[in-house]
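> Quick one: structure below, then a few questions.
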Amino acid sequence: MRVLHCIPSVEGGGAERQLTYLAKALPREGCEVHVALTRGGANFRRLEDTGATIHQLGPCGTHDPRLFARLVRTIATVAPEIVHCWLLQMELLGGVAATAAGIPWLLAERSSVQAYPRTLKNFLRVRVAALASGIVSNSTAGDQYWDERTKGAVRRYVVPNALPLDEIRAAPVATSEDACLTSGDSCVLYAGRLDAGKNAESLIRAFSLVRTARPFRALLCGEGPSRSHVERLIGTYGLEERVRLVGYVPNLWSLMKRADVLVSPSRFEGSPNVVLEAMACGCPLIASDIRAHREILDDQSAVFFDTNDAGALADRIDAVLGDPESASRRARTAEARAERYALPHIVQQYLGVYQDVLSRRGHRAIRVAS
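Numbering (my numbering), first residue to last: 4 to 373.
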């Protein structure tokens with residue numbers, strides 16, 4: 004069975020990463036995988052290594068009408084049985100193109116209501132989603148967003164993010180040199196987009212309030228529109244020697260295995276890829292007390308803090324670094340829980356979604372491996 008995934012790029016985000024996992028695993032279940040995109044990105048080599056057939060739609064601008072025309076031609080050439088659309092640009096263009104071709108298509112919901120202010124693009128997204136054969140959310144919060152907007156008119160599914168556990172387990176532990184640490188330093192890790200939703204600003208303020216006598220260094224991995232603001236905050240609080248912005252890193256799993264704690268201070272999430280990966284790496288976790296984190300973690304597997312309380316976050320960092328035994332115990336609990344998200348299990352769930360969509364459209368059903 005032939006699946007066409009449409010995505011703007013394969014930059015370093017969680018959605019892009021998840022697509023590469025699916026593109027590698029689906030052929031093992033008898034699927035022929037195609038990916039249409041406008042540009043590459045940090046995960047392009049990983050996508051190439053999956054063996055998927057890649058269709059380059061660019062170069063052309065986001066609003067270039069040639070992009071839609073090229074996508075229409077790609078769908079006609081590939082003749083997929085199902086089209087899976089990821090992220091706003093392709094949810095709009097891919098959804099309309101698939102509908103026009105009479106091909107069932109899925110919208111991939113990766114976040115929750117807070118990510119969608121009242122803008123024209125988000126209004127159009129809801130209108131186009133009404134044409135979808137199904138909406139696949141990676142969290143119950145994302146599913147609730149569409150429940151309130153589609154009122155049952157579009158079939159909905161919840162499939163969490165996947166973890167390639169074999170790859171993660173094979174990743175070596177980063178050395179102190181790899182992590183730019185001196186001997187004896189504790190390591191506090193942040194990984195994610197630098198934007199208002201991920202809330203790195205509260206993390207910087209918390210670092211200025213940490214009282215532990217134990218020396219530590221913080222690594223902030225990721226890029227985004229808030230980078231310059233975060234850099235200014237680091238300077239304002241005099242944290243240049245303690246906090247480093249390292250951008251996108253290809254060896255994140257290795258850093259997670261070396262870190263003493265990973266902090267996820269997000270104001271909202273869908274299914275937080277970074278948190279799941281930290282769980283699989285056995286890295287202790289401090290997480291903002293939001294629905295998305297509580298969906299996969301509890302007080303036995305992580306430490307929580309009120310999202311906008313930098314002082315409380317500083318206290319949690321002090322407590323975790325000061326009690327490594329308790330932190331390790333929670334990390335072991337979280338690592339065992341990560342098994343639920345093993346890639347083979349999640350792929351079977353996606354196959355079940357494809358099967359349901361095609362059977363309702365009168366297409367042949369997909370055989371789901373036992």
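All C-beta atoms, glycine included, are put in the ideal place defined by N, C-alpha and C.
Which parts of the region 163–248 are runs of the beta strand (DSSP E), unbroken and 3 residues or longer, counting only runs that do not cross its ends?
Whole beta strand (DSSP E) segments, 3+ residues: 189–194 and 219–224.
> Going by the DSSP bridge assignment, what does I57 pair with across the sheet?
BP columns for I57 point to V38.
> Give me the residue from E84, L74, V81 and S114 with the minimum Cα distance to P95.
Sequence check: residue 95 is Leu here, not Pro. It is L74 whose Cα lies nearest to the Cα of L95.
> Using the Cα positions of N202 and A194, report the straight-line distance between them to the nearest angstrom.
Their backbone Cα atoms lie some 11 Å apart in a straight line.
> Would you decide whether C88 is buried or exposed? Buried here means 16 or more other CB atoms lie within 10 Å of its CB.
So C88 counts as buried.
> Could you spell out the range, first to last residue, of the beta strand (DSSP E) harbouring F307?
V306 to F308 is the span of the beta strand (DSSP E), which, as asked, contains F307.
> Can you tell me whether DSSP reads R375 as helix, strand or coil?
Nothing can be reported for residue 375: it is not among the residues displayed for the chain, which extend from 4 to 373.
> For L258, count neighbouring C-beta atoms within 10 Å of its own C-beta (all shown protein chains included) and say buried if the count is 16 or more, exposed if not.
It is buried - the Cβ of L258 has at least 16 other Cβ atoms within 10 Å.
> Quick check on G64: buried or exposed, where buried means 16 or more other Cβ atoms within 10 Å of its Cβ?
Flag for G64 reads exposed.
> Within the region 81–152, note down every full alpha helix (DSSP H) run reaching 4 residues or more, in order along the chain.
Whole alpha helix (DSSP H) segments, 4+ residues: 90–104 and 123–132.
> Can you tell me whether L300 is helix, strand or coil according to DSSP?
The answer is coil: DSSP assigns L300 none of H, G, I, E or B.
> S269 by DSSP, collapsed to three states: which one?
Here S269 sits in coil by DSSP.
> Ends of the beta strand (DSSP E) at V161?
Its beta strand (DSSP E) spans residues R159 to V161.
> If you reduce the DSSP assignment to three classes, tell me which class S291 lands in.
S291: strand per DSSP, three-state reduction.
> How close, in whole Å, do the beta carbons of V264 and P287 come, if the pair is a contact with beta carbons under 8 Å?
Their Cβ separation, rounded to whole angstroms, is 5 Å, which keeps V264 and P287 in contact under 8 Å.
> Determine the closest residue to G98 out of L7, D150, A313 and S362, with distance taken between C-alpha atoms.
Ranking the options by Cα distance to G98, first place goes to L7.
> Is it buried or exposed, Q123, if we count other Cβ atoms within 10 angstroms and call 16 or more buried?
Checking the displayed sequence, the identity of residue 123 turns out to be Leu instead of Gln. Exposed is the call here.
> Could you tell me how far apart the beta carbons of A133 and T153 are, in whole angstroms, since I believe they sit closer than 8 Å?
Correct: roughly 7 Å between the Cβ atoms.
> Leaving aside the five residues before and after P83 along the sequence, list all residues of the same chain whose C-beta is less than 8 Å from its C-beta, in chain order.
Within the same chain, P83 has close Cβ partners R5, V6, L7, H37 and I106.
> Going by the CB atoms, is the gap between S229 and D198 shorter than 7 Å?
The answer is yes: Cβ separation under 7 Å.
> Do I171 and A283 have their C-beta atoms closer together than 7 Å?
Yes.
> If I measure Cβ to Cβ from A3 and keep anything under 8 Å in the same chain, skipping five residues before and after, which residues do I get?
Only positions 4 to 373 of the chain appear in the structure, and residue 3 is not among them; the question remains open.
> Counting Cβ pairs closer than 8 Å, one from the region 313–331 and one from the region 206–222, do we hit at least three?
Contact between the region 313–331 and the region 206–222 is present, because at least three Cβ pairs lie under 8 Å.
> Can F307 and D292 be called in contact, C-beta distance under 7 Å?
Yes, the pair counts as a contact, with Cβ atoms nearer than the cut-off.
> When the Cα atoms are used, what is the spatial distance from T239 to G200?
If I take the Cα positions, the gap works out to 21 Å.
> By how many angstroms is the C-alpha of A156 removed from the C-alpha of R130?
So the alpha carbons of these two residues sit roughly 12 Å apart.
> Is it the case that the Cβ atoms of E112 and S136 are separated by a distance below 7 Å?
No, the Cβ-Cβ distance between E112 and S136 is not below 7 Å.
> If you compare alpha carbons, which of G33, C190 and L184 is closest to L324?
Closest by alpha carbon: C190.
> Should G227 and R208 be called a contact, given that it needs their Cβ atoms to be closer than 7 Å?
Cβ atoms of G227 and R208: not closer than 7 Å.
> By a C-beta neighbour count over all protein chains shown, 10 Å radius and 16 as the cutoff for buried, is G15 buried or exposed?
G15 comes out buried.
> Between which two residues does the alpha helix (DSSP H) holding S329 run?
Element bounds for S329: P327 to R340.
> Tell me whether G314 sits in a helix, a strand or coil according to DSSP, three-state version.
Here G314 sits in helix by DSSP.
> Determine whether the beta carbon atoms of L60 and T23 lie at a separation below 7 Å.
Not closer than 7 Å, so no.
> Got a sec? Which residues, its chain only, sit under 7 Å from G54 by beta carbon, not counting five neighbours each side?
For G54, where only same-chain residues beyond five positions count, the Cβ hits under 7 Å are P30.
> Pick from R128, A281 and I237: whose alpha carbon is nearest that of I299?
Ranking the options by Cα distance to I299, first place goes to A281.
> Return helix, strand or coil for V323, following the three-state DSSP convention.
The answer is helix: DSSP assigns V323 an H, G or I state.
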